[in-house]
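Here is the structure we will look at, set down as structure tokens.
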Amino acid sequence: MTNIYIESVRMAWSSIVSNKLRSLLTMLGIIIGVSAVIALVSFGYGVRSDVESNISSLGSNQITIIPGSDNGPGARGAAGSMQSLTYKDYEAIKLLPNIDLVAPLVSKSYTVVNGNKNWQTTVYGATDEYMEISDLTLQSGRYWTDEEYNKRSRVAIIGQTVATNLFGDESPVGQKIRINNQPFTVIGLLTAKGYSFMDQDDRIFCPFTTVQERLLGITYVNSIVVSSENDDALSQIQTDVTNLLRTRHRISAKDDDDFTVRNSQELLETMESTTQTLTIFLGCIAAISLLVGGIGIMNIMLVSVTERTREIGVRKALGATYHMIIVQFLIESVTVSVAGGLIGILVGCGIAKLIPLVTSMTTVISPLPVIGSFLFSVIIGLVFGIYPARKAARLNPIDALHYE
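Start counting the sequence shown at 440; every next residue gets the next number (the numbering used here).
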């Protein structure tokens with residue numbers, strides 16, 4: 440019995456080789472389908488990887504509190520549109536358990552000037568804790584001192600994008616810039632962090648006290664950032680922060696919060712779910728071409744049955760059984776799909792590797808879509824080969840021998 444299967448495989452391969460162009464065109468649907476599944480799913484995984492990397496670079500163990508409610512109607516509903524967070528809220532949050540670092544933050548967009556050069560960027564008022572939470576390191580220069588922080592000194596630490604546009608190749612450390620027509624001394628240059636939802640190098644950091652009082656002249660804060668080393672504690676911290684601020688702001692049970700608490704873990708889970716749905720959608724769209732390839736296999740196998748009617752009659756006359764004829768044609772069908780699947784894997788992986796080289800997009804090749812698309816192509820060959828095989832096996836040997 441084993442010899443029958445081996446001989447069937449040899450005959451199938453011989454048929455493919457002897458009709459190279461027809462075989463290639465038959466495989467084309469499978470090749471396109473398998474390669475499309477691998478390339479598109481790899482692109483989807485790449486998008487997912489980029490999103491996870493971007494969120495992680497911003498901090499995957501953070502909670503951000505901003506003024507304004509997401510639930511309220513009209514203008515009140517715009518998160519961040521109110522002035523409901525204060526420095527005392529920040530001091531109260533610092534006393535909550537499970538929290539490692541807390542930092543208040545204020546910010547505003549300004550045109551920053553150096554000589555005859557100017558650049559529009561965002562100026563942040565931050566504390567030492569925020570610099571640590573955001574993992575902001577210096578390429579050159581230094582951080583501000585406690586004395587400079589307490590005296591509201593006009594000192595600034597700038598990002599690489601700001602430095603390039605204001606100073607070119609010259610070192611900015613020790614140089615003067617003007618923010619809102621006020622002179623600031625550049626004391627540090629941040630290490631480049633790249634693009635993550637925004638250009639993380641296009642910003643300026645100054646002491647929180649300096650920006651809040653000297654530049655903005657406000658008593659409230661724009662946001663409060665909380666960090667914990669224990670990711671599992673973020674949900675509890677979020678609940679504690681919400682309860683604390685509702686109590687401090689004297690919000691009754693029937694009223695909405697006048698603040699919004701955002702958990703970076705929830706954002707990460709939401710984005711992962713979205714990109715996973717996108718990946719599955721792309722894979723399903725690509726898999727449709729595999730079905731088209733299956734139809735092509737069925738079509739060529741039906742043609743093959745017609746062309747080989749006399750051969751089938753001879754085989755039956757010599758004792759070939761219904762089972763043998765079925766097996767022969769199914770093996771031929773599966774051989775075509777296996778060959779197409781293997782070529783499709785090579786093409787798909789090649790495309791996935793090529794995309795990052797010619798574009799800024801990232802791709803991640805995973806074994807799952809590679810193995811899955813190949814197995815699906817084999818199943819396609821098997822399923823779409825059944826009808827032609829049954830048709831061949833049911834031929835009457837006498838009628839087949841007389842077929843012209």
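Using N, Cα and C, we set each Cβ at its ideal position, and we do this for glycine too.
Would you kindly check if the distance between the Cβ of residue j and the Cβ of residue i is under 8 Å?
{"i": "L544", "j": "Y569", "result": "yes"}
{"i": "I578", "j": "L540", "result": "Per the sequence shown, residue 578 should be read as Gln rather than Ile. Taking 8 Å as the Cβ cut-off, Q578 and L540 do not qualify as a contacting pair."}
{"i": "Q621", "j": "G564", "result": "no"}
{"i": "I572", "j": "S666", "result": "yes"}
{"i": "Y826", "j": "M763", "result": "no"}
{"i": "V562", "j": "I618", "result": "yes"}
{"i": "N537", "j": "I676", "result": "yes"}
{"i": "S508", "j": "D695", "result": "yes"}
{"i": "F623", "j": "A595", "result": "yes"}
{"i": "I663", "j": "V551", "result": "no"}
{"i": "P808", "j": "T802", "result": "no"}
What is the residue span of the alpha helix (DSSP H) that residue i lies within?
{"i": "P646", "result": "Careful: P646 lies outside any alpha helix (DSSP H), inside the beta strand (DSSP E) at 642–646."}
{"i": "I532", "result": "526–532"}
{"i": "P827", "result": "806–832"}
{"i": "N682", "result": "673–687"}
Reducing DSSP to helix, strand and coil, say where residue i ends up.
{"i": "I663", "result": "strand"}
{"i": "N537", "result": "coil"}
{"i": "K632", "result": "coil"}
{"i": "V448", "result": "helix"}
{"i": "G580", "result": "strand"}
{"i": "D567", "result": "helix"}
{"i": "Q501", "result": "strand"}
{"i": "N553", "result": "strand"}
{"i": "T718", "result": "helix"}
{"i": "S546", "result": "strand"}
{"i": "G513", "result": "Summary for G513: the model assigns pLDDT 47, below 50, so the residue's position carries little reliability; its value from the coordinates is reported in the next sentence. G513 falls in the helix class under three-state DSSP."}
{"i": "A518", "result": "Model confidence at A518 stands at a pLDDT of 42, short of 50, so the residue's coordinates are unreliable; what they give is reported in the following sentence. Correct three-state label for A518: coil."}
{"i": "T560", "result": "strand"}
{"i": "T624", "result": "strand"}
{"i": "I469", "result": "helix"}
{"i": "I596", "result": "strand"}
{"i": "D638", "result": "strand"}
{"i": "D585", "result": "helix"}
{"i": "S453", "result": "helix"}
{"i": "P611", "result": "coil"}
{"i": "T774", "result": "helix"}
{"i": "L757", "result": "coil"}
{"i": "N738", "result": "helix"}
Which residues mark the beginning and the end of the beta strand (DSSP E) in which residue i is found?
{"i": "K693", "result": "Neither: K693 is in no beta strand (DSSP E) and is coded neither H nor E."}
{"i": "R591", "result": "Neither: R591 is in no beta strand (DSSP E) and is coded neither H nor E."}
{"i": "Q599", "result": "That residue, Q599, is in no beta strand (DSSP E); its alpha helix (DSSP H) goes 599–606."}
{"i": "I616", "result": "615–618"}
{"i": "T699", "result": "698–702"}
Could you tell me which residues DSSP pairs with residue i in its beta bridges?
{"i": "T802", "result": "Per DSSP, none; premise fails for T802."}
{"i": "D489", "result": "In DSSP, D489 forms no bridge with anything."}
{"i": "P506", "result": "F698"}
Practice task
Indicate whether the contact test is met: 3 or more Cβ pairs, each with one atom in the segment 755–775 and one in the segment 501–509, closer than 8 Å.
Solution key: Of all C-beta pairs linking the segment 755–775 to the segment 501–509, fewer than three are shorter than 8 Å, placing the two stretches out of contact.
Exercise for the section: Could you tell me whether the segment 659–674 touches the segment 472–492, where touching means 3 or more Cβ pairs closer than 8 Å? Expected result: Note that the segment 659–674 does not touch the segment 472–492; fewer than 3 beta-carbon pairs, one per stretch, sit closer than 8 Å.
Practice task
Examine the Cβ distances between the segment 633–649 and the segment 575–594 and report whether three or more of them are shorter than 8 Å.
Solution key: The segment 633–649 is in contact with the segment 575–594.
Practice task
Please confirm if the segment 474–483 is in contact with the segment 786–799, defined as three or more CB-CB distances below 8 Å between the two stretches.
Solution key: Under the Cβ criterion (8 Å, minimum of three pairs), the segment 474–483 counts as touching the segment 786–799.
Exercise for the section: Count the C-beta pairs between the segment 722–737 and the segment 806–825 that are closer than 8 Å, then say yes if the count reaches three, no if not. Expected result: At 8 Å Cβ cutoff, the stretches touch.
Practice task
Would you check if the segment 451–461 and the segment 685–699 touch, i.e. whether three or more CB-CB distances between them fall below 8 Å?
Solution key: The segment 685–699 makes no contact with the segment 451–461: fewer than 3 CB pairs, one atom from each, lie closer than 8 Å.
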